[in-house]
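Participant: Numbered according to the working numbering, the sequence shown spans residues 5 to 778.
Backbone N, C-alpha and C define an ideal beta-carbon position, used for all residues, glycine too.
Would you mind keeping the following structure in view while I ask a few things?
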Amino acid sequence: MENETGRIRMDSSSDTDEDDVGLAQRYKTIVELTVDGFWYIDEYGNILDVNTRYCSMTGYSYNEVISSPIWDIEADMNRSQVIYQIDRTKKLGKALFETHHFKKDGSLIDLEVSATYIDYGTPGLLCFLRDITDRKELEQKLQESERSKTVLLSNLHGMAYRCDYDRDWTMRFVSEGCYELTGYQTEDLLGNRLISFNDIIEPGYRDKIWNKWAEVLSRKETFQAEYRILTASGEVKWVWEQGKGIFDDKGNVIALEGFITDVTRQKTIEEELRESERLFRTTLYSIGDAVITTDIHGNLKQMNLIAEELTGWGEKEASGKQLEDILVIINENTREPVDIPIREVLRVGEVVGLANHILLISRNGMEIPVADSASPIINEDDEVIGVVLVFRDQTEERAAREAIAESEARFRLLVESAPEAIFVQTDWRFAYLNPKTLKLLGAASPAQLLGKNVIDHFDTRSQDTVKELIHGLKGDKQDVHLVEETFIRLDGSSFVAEVAVVPINYGGADSVLVFFRDITERKEAEEAIIKAKMASDIANRSKSEFLANTSHELRTPLSSIIGFSDLLIEGTMGELNEKQKRYVTTINKSGNLLLNLINNILDLSQIEFGEMDLECVKFDIVDAINDVHSMISILSSRKNISIDMDIDLPQRMVVADNEKIKEILYNLLDNALKFTPDGGRITIRAIQKDTGFIQLSVSDTGIGIPKDDINKIFEPFYQSDGSTTRRYSGTGLGLTIIKKFVKMHGGNIWVKSEPGKGSAFFFTIPVLTDCTER
Numbered sequence: 005m006e007n008e009t010g011r012i013r014m015d016s017s018s019d020t021d022e023d024d025v026g027l028a029q030r031y032k033t034i035v036e037l038t039v040d041g042f043w044y045i046d047e048y049g050n051i052l053d054v055n056t057r058y059c060s061m062t063g064y065s066y067n068e069v070i071s072s073p074i075w076d077i078e079a080d081m082n083r084s085q086v087i088y089q090i091d092r093t094k095k096l097g098k099a100l101f102e103t104h105h106f107k108k109d110g111s112l113i114d115l116e117v118s119a120t121y122i123d124y125g126t127p128g129l130l131c132f133l134r135d136i137t138d139r140k141e142l143e144q145k146l147q148e149s150e151r152s153k154t155v156l157l158s159n160l161h162g163m164a165y166r167c168d169y170d171r172d173w174t175m176r177f178v179s180e181g182c183y184e185l186t187g188y189q190t191e192d193l194l195g196n197r198l199i200s201f202n203d204i205i206e207p208g209y210r211d212k213i214w215n216k217w218a219e220v221l222s223r224k225e226t227f228q229a230e231y232r233i234l235t236a237s238g239e240v241k242w243v244w245e246q247g248k249g250i251f252d253d254k255g256n257v258i259a260l261e262g263f264i265t266d267v268t269r270q271k272t273i274e275e276e277l278r279e280s281e282r283l284f285r286t287t288l289y290s291i292g293d294a295v296i297t298t299d300i301h302g303n304l305k306q307m308n309l310i311a312e313e314l315t316g317w318g319e320k321e322a323s324g325k326q327l328e329d330i331l332v333i334i335n336e337n338t339r340e341p342v343d344i345p346i347r348e349v350l351r352v353g354e355v356v357g358l359a360n361h362i363l364l365i366s367r368n369g370m371e372i373p374v375a376d377s378a379s380p381i382i383n384e385d386d387e388v389i390g391v392v393l394v395f396r397d398q399t400e401e402r403a404a405r406e407a408i409a410e411s412e413a414r415f416r417l418l419v420e421s422a423p424e425a426i427f428v429q430t431d432w433r434f435a436y437l438n439p440k441t442l443k444l445l446g447a448a449s450p451a452q453l454l455g456k457n458v459i460d461h462f463d464t465r466s467q468d469t470v471k472e473l474i475h476g477l478k479g480d481k482q483d484v485h486l487v488e489e490t491f492i493r494l495d496g497s498s499f500v501a502e503v504a505v506v507p508i509n510y511g512g513a514d515s516v517l518v519f520f521r522d523i524t525e526r527k528e529a530e531e532a533i534i535k536a537k538m539a540s541d542i543a544n545r546s547k548s549e550f551l552a553n554t555s556h557e558l559r560t561p562l563s564s565i566i567g568f569s570d571l572l573i574e575g576t577m578g579e580l581n582e583k584q585k586r587y588v589t590t591i592n593k594s595g596n597l598l599l600n601l602i603n604n605i606l607d608l609s610q611i612e613f614g615e616m617d618l619e620c621v622k623f624d625i626v627d628a629i630n631d632v633h634s635m636i637s638i639l640s641s642r643k644n645i646s647i648d649m650d651i652d653l654p655q656r657m658v659v660a661d662n663e664k665i666k667e668i669l670y671n672l673l674d675n676a677l678k679f680t681p682d683g684g685r686i687t688i689r690a691i692q693k694d695t696g697f698i699q700l701s702v703s704d705t706g707i708g709i710p711k712d713d714i715n716k717i718f719e720p721f722y723q724s725d726g727s728t729t730r731r732y733s734g735t736g737l738g739l740t741i742i743k744k745f746v747k748m749h750g751g752n753i754w755v756k757s758e759p760g761k762g763s764a765f766f767f768t769i770p771v772l773t774d775c776t777e778r
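Below is the structure:
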């Protein structure tokens with residue numbers, strides 16, 4: 005528990021030995037689980053305990069550290085200074101400071117030490133030591149960056165001025181830099197004696213500058229602008245101006261004061277090197293971080309707008325005050341005041357940064373987490389003449405870090421519970437494996453695979469391919485999706501997996517994230533399907549060959565039957581009585597019906613064997629529609645069925661097989677006539693589609709098609725009414741053949757129908773593409 009002095013004190017008289025053992029176990033667990041190094045030292049500076057983390061940070065073994073005095077390892081303090089620090093911590097109860105330790109290899113490590121005094125058991129200090137080497141390096145880089153900016157600002161050349169607020173910008177004071185900037189002597193500009201400054205400004209910028217000054221003065225803000233001037237020698241220069249309005253007690257503008265400098269070189273570099281654009285536009289009042297400068301006594305001289313916003317102080321009001329009065333900072337954990345590092349900077353002449361967990365208390369009481377560093381301002385005589393303090397609001401940065409940590413936790417949970425096998429390889433070795441990977445590779449624990457060669461767990465036939473994939477991945481950083489490779493389990497058995505790999509950075513190293521799943525069952529199913537498909541294709545081909553051969557054999561006698569029956573009907577062989585004529589006519593119709601069936605079978609077999617070609621020509625599709633309409637109109641008039649045409653085709657010419665297009669239309673119209681009652685209506689439509697296709701359709705007011713039959717009507721020999729007493733005749737091959745004709749053209753065919761209301765058949769064909777390539 006904590007006593008009134010702030011020191012940690014634990015009751016030395018435990019109730020039971022079991023409590024002492026439990027307490028020791030908890031102590032050891034906490035010490036070993038902490039991410040920081042840990043010391044337990046007595047009041048004389050001897051190291052009594054140390055954790056594994058500290059040993060790994062410094063390279064010492066546990067035995068090399070234990071019972072050694074601190075000053076053997078401490079680089080910044082001798083024995084007396086160490087004892088002083090221990091006594092100081094003992095009085096305060098806690099201490100936070102930075103120091104250096106010698107590592108075993110002789111190098112130094114930067115450490116932040118958080119020490120707490122305890123008087124339980126052997127009195128001493130519990131010290132947590134954090135490696136801050138990276139942070140120190142960043143602070144050094146920031147110091148160098150800030151020194152570069154300071155040198156840049158101190159060497160700017162240009163012209164200071166005071167002028168009237170009029171359209172001529174009548175100069176009342178001009179610095180000596182005027183001649184170098186404009187080519188005119190100072191007396192040439194004063195009172196517009198030889199030329200006004202407005203005449204030097206390029207005409208295209210004059211109104212813009214006047215309007216911008218008016219806007220800035222209305223808000224009493226700082227004026228900043230870049231524009232071009234024409235010098236006395238005729239040279240065009242880019243200049244950058246910053247100024248402010250001077251107001252009287254009534255708020256009236258009495259003068260303008262500012263500074264104009266030549267930025268021609270900067271503008272040229274900006275055009276050639278985009279990366280330097282921000283550098284040459286940056287000034288003290290546009291730096292993204294908060295910036296405060298002080299004199300050698302720590303009195304505030306300048307502060308930018310960001311600093312004003314964070315502190316709640318205005319630059320004019322804060323100017324001349326001690327920085328400690330403006331910038332109030334405390335330790336976030338202890339709530340104790342923290343010294344601003346400017347005094348240390350003034351003393352040592354080097355960059356000094358704040359420790360972590362610092363809060364800025366703004367003027368309105370708001371607490372803002374900040375990080376800062378202070379750098380000396382050094383003149384040409386190498387003398388420290390002030391300090392520049394740079395700090396930033398870490399609120400969003402902290403939120404981002406927390407969001408990243410939360411995201412990483414969610415990601416790890418997702419990966420651990422993913423049904424997919426996932427592992428990470430770094431330098432060809434397993435760096436991480438999720439539970440699914442362990443299961444698929446036959447490992448009982450990650451230790452069996454971590455650090456082992458990844459390639460050894462691929463089949464020898466896959467190893468070269470996998471190496472090439474990963475080498476290529478490192479080169480172009482592109483994902484590789486869904487390749488199939490053979491894995492080897494720990495027991496030597498194998499399985500085929502579908503693999504996807506993604507380049508990532510894991511633990512600071514270029515690595516590869518690998519996703520894979522066992523597809524052995526799927527591959528076996530695919531092989532079975534392929535075998536079944538091959539058997540089916542062989543059976544279909546045998547069937548088609550049989551039908552084709554049989555059809556050829558039947559056509560010869562059928563031609564004789566039809567031919568001789570035609571002669572009998574026409575009376576060429578003598579007159580027939582009515583009964584004979586009726587019988588011969590039945591023979592003739594049956595023969596023609598059978599011949600049509602045989603022809604359809606031959607067409608279907610030719611298509612399936614790939615022996616039927618398209619005879620592509622360029623023709624007018626509307627003419628083809630009209631031809632079919634003429635052929636079918638005789639049959640439609642017998643049933644008193646009207647055929648309407650609705651044609652809307654801006655492009656009438658198509659490249660297709662003219663005869664087969666007509667056959668498609670004729671078959672659709674013939675079906676519509678067959679299934680439409682007397683007095684019904686049929687409509688032929690043709691429209692242009694945006695996709696480069698023409699859509700044709702034949703709709704009727706017939707009996708319609710049952711919903712269950714719509715998906716089957718294009719199958720060979722299928723008829724909606726399959727009974728032996730069906731009302732409508734047909735072979736069941738017409739729709740099958742025209743569908744194949746449409747597909748041969750690269751189009752599509754479909755039907756919409758509702759029983760009792762009719763049907764509509766639609767098909768599409770490309771307009772002007774070479775149909776031999778379809």
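1) Can you tell me whether VAL35 is buried or exposed, with buried defined as 16 or more other CB within 10 angstroms of its CB?
2) Can you find a CB in chain B that lies within less than 8 angstroms of the CB of LYS583?
3) In three-state terms, what does DSSP make of ASP76?
4) Give me, in chain order, the residues of the same chain whose beta-carbon lies closer than 8 angstroms to that of LYS751; leave out the 5 immediate sequence neighbours on both sides.
5) Thinking just about the alpha-carbon of each residue, which of ILE333, VAL503, ALA532 is nearest to the one in ALA375?
6) Classify ASP266: buried if its beta carbon has 16 or more other beta carbons within 10 angstroms, exposed otherwise.
7) Given this structure, state the Cα-to-Cα distance separating ALA447 from LEU486, to the nearest angstrom.
8) Among residues of its own chain, excluding the 5 on either side of GLU281, which ones have a beta-carbon nearer than 7 angstroms to its beta-carbon?
9) Drop a sphere of 10 angstroms on the beta-carbon of MET307, count the other beta-carbons inside from all chains shown, and report buried for 16 or more, exposed for fewer.
10) Rounding to the nearest angstrom, what Cα-Cα distance links ILE136 and SER497 in this structure?
11) Please give the ranges of any beta strand (DSSP E) in the stretch 471-523, keeping only runs that are unbroken, at least 3 residues long and fully inside the region.
12) So, with DSSP's three-state summary, where would you put HIS105?
13) Keeping to the same chain, check which residues put their C-beta closer than 7 angstroms to that of LYS153; ignore five residues upstream and five downstream.
14) To which residues of the same chain is LEU160 closer than 7 angstroms at the C-beta, ignoring the five residues directly before and after it?
15) Taking the C-alpha atoms as reference points, what is the distance between GLU579 and ARG642?
16) For VAL352, name the three-state secondary structure that DSSP assigns.
17) At the level of alpha carbons, what is the spacing between ASP694 and VAL658?
18) So what does THR430 bridge to, in DSSP terms?
19) Candidates PHE101, LYS94, VAL392: which alpha carbon is nearest MET81's?
20) Expressed to the nearest angstrom, what Euclidean distance is found between the alpha-carbon atoms of LEU672 and MET748?
21) Roughly how many whole angstroms lie between the Cα atoms of VAL394 and VAL516?
22) Is the stretch 753-768 close to the stretch 702-712, with three or more CB pairs under 8 angstroms?
23) Suppose only complete runs of 4+ residues qualify. What are the alpha helix (DSSP H) ranges in the stretch 610-677, listed by chain order?
24) Excluding the five sequence neighbours on either side, which residues of its own chain have a C-beta within less than 7 angstroms of the C-beta of ILE714, listed in chain order?
25) If you draw a straight line from the C-alpha of LEU739 to the C-alpha of LYS666, how long is it?
26) Looking at the unbroken beta strand (DSSP E) that takes in GLU261, where does it start and where does it end?
27) Is the separation between the beta-carbon of SER646 and that of ARG685 shorter than 8 angstroms?
28) Go ahead and pull the three-state DSSP assignment for ILE769.
29) How about ILE688 and ILE625: are their beta carbons less than 8 angstroms apart?
30) Quick one: measure Cβ to Cβ for ILE258 and LEU234, integer angstroms, because I've assumed they're closer than 8 angstroms.
31) With burial defined as no fewer than 16 other Cβ atoms inside 10 Å of the residue's Cβ, what is the status of SER158: buried or exposed?
32) If contact is defined by three or more beta carbon pairs under 8 angstroms, each pair taking one atom from either stretch, is the stretch 499-513 in contact with the stretch 430-440?
33) Specify the secondary structure class of PHE284 as computed by DSSP and reduced to three states.
34) With ASP397 and LEU314 assumed to form a contact (beta carbons below 8 angstroms), what rounded beta-carbon distance in angstroms separates them?
35) Quick one: complete beta strand (DSSP E) runs, 3+ long, within the stretch 352-400?
36) How is ALA764 classed by DSSP in three states: helix, strand or coil?
Facilitator: Taking the coordinates as given:
1) A residue is called buried once 16 or more other Cβ atoms fall within 10 Å of its Cβ, and VAL35 is buried on that count.
2) No chain B appears in the structure shown, which is made up of a single protein chain.
3) Residue state for ASP76 is assigned as helix, using DSSP reduced to three classes.
4) The sequence shown places Gly at residue 751, rather than the Lys named in the question. Cβ neighbours of GLY751 beyond the five flanking positions: PHE697, PHE767, THR768, ILE769, PRO770.
5) From the listed residues ILE333, VAL503, ALA532, the smallest Cα separation to ALA375 is found for ILE333.
6) It is buried - the Cβ of ASP266 has at least 16 other Cβ atoms within 10 Å.
7) So the two alpha carbons sit approximately 24 angstroms from each other.
8) In this predicted model, GLU281 has a pLDDT of only 40, less than 50, meaning its place in the structure is not dependable; the value taken from the coordinates is given anyway. These residues qualify, in order along the chain: GLU274.
9) Looking at its Cβ environment, which holds 16 or more other Cβ atoms inside 10 Å, MET307 is buried.
10) Distance between the alpha carbons of ILE136 and SER497 is about 49 angstroms.
11) List check, beta strand (DSSP E) in window: 484-492, 498-510, 513-522.
12) DSSP places HIS105 in strand when its eight states are reduced to three.
13) Confidence at LYS153 is low in this model, with a pLDDT of 46, below 50, so the placement of that residue should be treated as unreliable; the coordinate-derived value is given next. None.
14) Confidence at LEU160 is low in this model, with a pLDDT of 49, below 50, so the placement of that residue is unreliable and no value is reported for it.
15) Rounded to the nearest whole angstrom, the C-alpha separation of GLU579 and ARG642 is 28 angstroms.
16) The DSSP-derived three-state label of VAL352 is helix.
17) Each residue's alpha carbon lies about 15 angstroms from the other.
18) In the DSSP output, where bridge partners are listed per residue, THR430 has ARG433.
19) Per the Cα distances, PHE101.
20) Their Cα atoms are separated by approximately 17 angstroms.
21) It is roughly 40 angstroms from the alpha-carbon of VAL394 to the alpha-carbon of VAL516.
22) Because the criterion of three Cβ pairs below 8 angstroms is met, the stretch 753-768 and the stretch 702-712 touch.
23) At a cut-off of 4 residues, the continuous stretches assigned as alpha helix (DSSP H) that sit fully inside the stretch 610-677 are 625-642.
24) Result list for ILE714: VAL755, SER757, in chain order.
25) Each residue's alpha carbon lies about 14 angstroms from the other.
26) Going by DSSP, GLU261 is part of the beta strand (DSSP E) stretching over 257-266.
27) A contact, by the Cβ cut-off of 8 angstroms.
28) In the structure shown, ILE769 falls within a strand segment according to DSSP collapsed to helix, strand and coil.
29) The Cβ atoms of ILE688 and ILE625 do not sit closer than 8 angstroms to each other.
30) The pair is not a contact, with the Cβ atoms about 29 angstroms apart (cut-off 8 angstroms).
31) Here SER158 scores only 41 on pLDDT, less than 50, and its place in the model is too uncertain to base an answer on.
32) Cβ pair count under 8 angstroms is three or more, so yes.
33) Residue confidence is low: PHE284 scores 34 on pLDDT, short of 50, so the model does not pin down where it sits. No coordinate-derived value is stated.
34) Contact holds; Cβ gap of about 6 angstroms.
35) Secondary structure remark: continuous beta strand (DSSP E) runs of at least 3 residues inside the stretch 352-400, in chain order: 362-365, 371-382, 388-397.
36) When DSSP states are grouped into helix, strand and coil, ALA764 belongs to the strand group.
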